[in-house]
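Protein chains: 2
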Amino acid sequence: MNPDFLAWSGNLQARIETVLERLLPDPQHTPQTLHAAMRYATLEGGKRVRPLLAFAAGEVVGADPARVEIAASAVELIHAYSLVHDDLPCMDNDMLRRGKPTCHVEYGEATALLVGDSLHSLAFELISAHTLSDTPERQLEMVKLLALAAGSRGMAGGQAIDLVSVGQTLTLPELEFMHIHKTGALIRASVLLGTYCGSALDDTALAKLDHYAKCVGLAFQVVDDILDAEAPTATLGKTAGKDAENNKPTYVTLMGGARAKAFAAELHSDALDALAGFDSAQRLRELADFIVQRQF
Amino acid sequence: MNPDFLAWSGNLQARIETVLERLLPDPQHTPQTLHAAMRYATLEGGKRVRPLLAFAAGEVVGADPARVEIAASAVELIHAYSLVHDDLPCMDNDMLRRGKPTCHVEYGEATALLVGDSLHSLAFELISAHTLSDTPERQLEMVKLLALAAGSRGMAGGQAIDLVSVGQTLTLPELEFMHIHKTGALIRASVLLGTYCGSALDDTALAKLDHYAKCVGLAFQVVDDILDAEAPTATLGKTAGKDAENNKPTYVTLMGGARAKAFAAELHSDALDALAGFDSAQRLRELADFIVQRQF
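Quick mapping for you: the protein sequence lines, in order, are chains A and S.
Everything in the first sequence is counted per our numbering, starting at 13 for the first residue and increasing by one.
Everything in the second sequence is counted per our numbering, starting at 13 for the first residue and increasing by one.
Structure, rendered in structure tokens:
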């Protein structure tokens, strides 16, 4: 990757860590265990792809990074809550996440359940309690956008489709439908929320950025499937080979590795095409490169 | 109870049922099982105490009931989500709720987890997607208020304190601290959100209504503890005697039944005192009566 991009993303990853650290409840505050566990599940982890997308989209509209960091944190908290709940024994029963024991392994199932619930509420507290947009009307739209992306017609709905698809033979459109909800919805929300922090875009421009986000979100999942099938656990920081073990349909099982890679490349190219004509979209382009080329 | 109050509450209970029916996602919409389960967990159930409090508080400020019904539904969805998660095997492991099998018994644990998560997001969708207050600034405050009431310094935090208190000997202040969070936070939010739908109150009036709500919320819990210890399962619509069985500290175990009843009466009286000087607070008064005198 381009060293300038690596410096940009490294700086923002550190920034989002500091912001989350500040915004998460103090672990000295009752209930202490819950607050400690919320931090455990959120801090020191992950690639922060969603926050990076929000910052990159914010650059397109000249958004104040002090606003974007809050919107980005709200999205990241929704993502963190979903990981905690997905890892629970009744869902994926995963023991390892970001190289550490999962939240329920460390704190017990009941606390992990409440950690997810509390991070979920905290996301909506953040997105309503700080001034993030030029008008409160637009900020209410941000709340709605995040709620829709997280809910049963977004991320949680994708999880539900995933549940019923285990052991099933899905068609490619069905697999795509699942992922557009499960991971795509929140990735699209990241990009759109980043733009809401700055000057308003017209509907055509917004639709282009949304298309970029849709392609990048799907590419992210295709690459995830490839990595799950091919990368070692130590590199991933989570248990590799879980999809095959859980008999989950993936792009690799449906298309084979080579066609899955070609599909990721096609989505990458579509994502870049959607950015044609935008000034200040360099970071969005580089993020599309990063998402497709990453090895973890 | 006064027949006029019974007619008022019966009408509003029917109204909130119709509104929830309309606002919950269509069960024909993918993912169908999740959407059916969300309806199962929310419809045809409960006393709708929180919505009634929101409507009654709305009357104090002349709020449009078409606004209050949305705010009340949002609060009820948060309540419904919390019941689904609380009933899970890793929490209270309850099999019966509102006279029906609990959500995870009917739909499985994984779906129940997603039902709770989806109702949680839907609450924030509702409270942001409809015009509920005279200004969008005030409506953003409503979002924040609901998020704080639901999160780790509100309801979910109360649950976490409840978790660590099982098998412990709590002092009365500790028990009160738990309940002020676990049930009190959302009951206070119900009253405050009802008032936000109408003309703004000054801080003194708002503080009085908040004190009313705090007393009523705590009284609700004291009465719950008394009923759990004394009422039969058939009347309650949920498993009676669970607190003793689960070795949970309650007002009855800490004070004995007679003192618990006297405490409920005292909170009732404090709640009514807080309403002194308010016009149009008749329904709030009657709700305080109802909450203390109920037999289920």
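All C-beta atoms, glycine included, are put in the ideal place defined by N, C-alpha and C.
query, result
"Helix, strand or coil for residue 306 of chain A? Go by DSSP, reduced to three states.", "coil"
"Excluding the 5 residues preceding and the 5 following residue 150 of chain A in the sequence, name in chain order all residues of the same chain whose CB lies nearer than 8 Å to its CB.", "208, 212"
"Could you spell out where the alpha helix (DSSP H) holding residue 89 of chain S opens and where it closes?", "77 to 98"
"With the cut-off set at 9 Å, would you say residue 60 of chain S and residue 28 of chain S are in Cβ contact?", "yes"
"Threshold first: 4 residues or longer. Then list the alpha helix (DSSP H) segments lying entirely within the segment 181 to 217 of chain A, N to C.", "184 to 191, 197 to 208"
"Using only the alpha-carbon positions, how far apart do residue 164 of chain A and residue 275 of chain S sit?", "42 Å"
"In terms of residues, what are the limits of the alpha helix (DSSP H) holding residue 265 of chain A?", "263 to 267"
"For the candidate residues S:176, S:111, S:79, whose alpha-carbon lies nearest to that of residue 58 of chain S?", "S:111"
"Among the residues of its own chain, which have a CB less than 7 Å from the CB of residue 289 of chain A, if the five just before and after it don't count?", "none"
"Check whether the segment 263 to 270 of chain A touches the segment 173 to 190 of chain A, counting contact only when three or more Cβ pairs, one atom from each stretch, lie closer than 8 Å.", "yes"
"Just checking: is the beta-carbon of residue 121 of chain S within a distance shorter than 9 Å of some beta-carbon in chain A?", "yes"
"Can you list the residues of chain A that residue 165 of chain S reaches, using a CB-CB cut of under 8 Å?", "37, 41"
"Could you tell me the distance, in whole angstroms, from the CA atom of residue 193 of chain A to the CA atom of residue 94 of chain A?", "13 Å"
"Measuring alpha carbon to alpha carbon, tell me which of S:176, S:175, S:214, S:232 ends up nearest residue 197 of chain S.", "S:232"
"Under 9 Å between C-beta atoms, does residue 85 of chain A make it to chain S?", "no"
"Considering only the beta carbon of each residue, do residue 220 of chain A and residue 286 of chain A sit closer than 9 Å?", "yes"
"Is the separation between the beta-carbon of residue 283 of chain S and that of residue 227 of chain S shorter than 9 Å?", "yes"
"Which residues, taken in chain order from the segment 45 to 70 of chain A, show a beta carbon closer than 7 Å to some beta carbon of chain S?", "45, 46, 47, 50"
"Counting only beta-carbon atoms, is residue 11 of chain A nearer than 9 Å to chain S?", "Shown here, chain A extends from 13 to 308; a query on residue 11 of chain A therefore has no answer."
"Nearest chain A C-beta to residue 214 of chain S closer than 9 Å, yes or no?", "no"
"What are the boundary residues of the alpha helix (DSSP H) that includes residue 147 of chain A?", "Here residue 147 of chain A belongs to no alpha helix (DSSP H), and DSSP marks it neither H nor E."
"Could you check if residue 271 of chain A is buried or exposed, using at least 16 other CB atoms within 10 Å of its CB as the buried criterion?", "exposed"
"Using a beta-carbon distance below 9 Å, is residue 148 of chain S in contact with chain A?", "yes"
"Rounded to whole angstroms, what is the Cα-Cα separation between residue 87 of chain S and residue 179 of chain A?", "37 Å"
"Quick check: is the beta carbon of residue 80 of chain A nearer than 9 Å to any beta carbon in chain S?", "no"
"Report the CB separation of residue 50 of chain S from residue 131 of chain S in whole angstroms; it is logged as a contact under 8 Å.", "6 Å"
"Quick check: what's the CA-CA separation for residue 259 of chain S versus residue 103 of chain S?", "14 Å"
"What is the C-beta distance between residue 215 of chain S and residue 204 of chain S, in whole angstroms, given that I count them as a contact (C-beta under 8 Å)?", "Actually they do not touch by this definition, with Cβ atoms about 12 Å apart."
"Can you list, in chain order, the residues of its chain with a C-beta nearer than 7 Å to that of residue 64 of chain A? Leave out the 5 residues immediately preceding and following it.", "21, 24, 299"
"Who are the neighbours of residue 97 of chain A on chain S, taking C-beta pairs under 7 Å?", "125, 129"
"Count the CB pairs spanning the segment 72 to 82 of chain S and the segment 234 to 242 of chain S that are closer than 8 Å, and state whether there are at least three.", "no"
"Measuring alpha carbon to alpha carbon, tell me which residue in A:140, A:174, A:171 is nearest residue 82 of chain A.", "A:140"
"Excluding the five sequence neighbours on either side, which residues of its own chain have a C-beta within less than 7 Å of the C-beta of residue 7 of chain S, listed in chain order?", "Any question about residue 7 of chain S goes unanswered here, given that chain S covers just 13 to 308."
"Which value, in whole angstroms, describes the spacing of the CA atoms of residue 281 of chain A and residue 291 of chain A?", "18 Å"
"Tell me whether residue 16 of chain A is buried or exposed, calling it buried when 16 or more other Cβ atoms sit within 10 Å of its Cβ.", "exposed"
"Name, going along the chain, the residues of the segment 186 to 200 of chain S whose beta-carbon falls closer than 7 Å to a beta-carbon of chain A.", "none"
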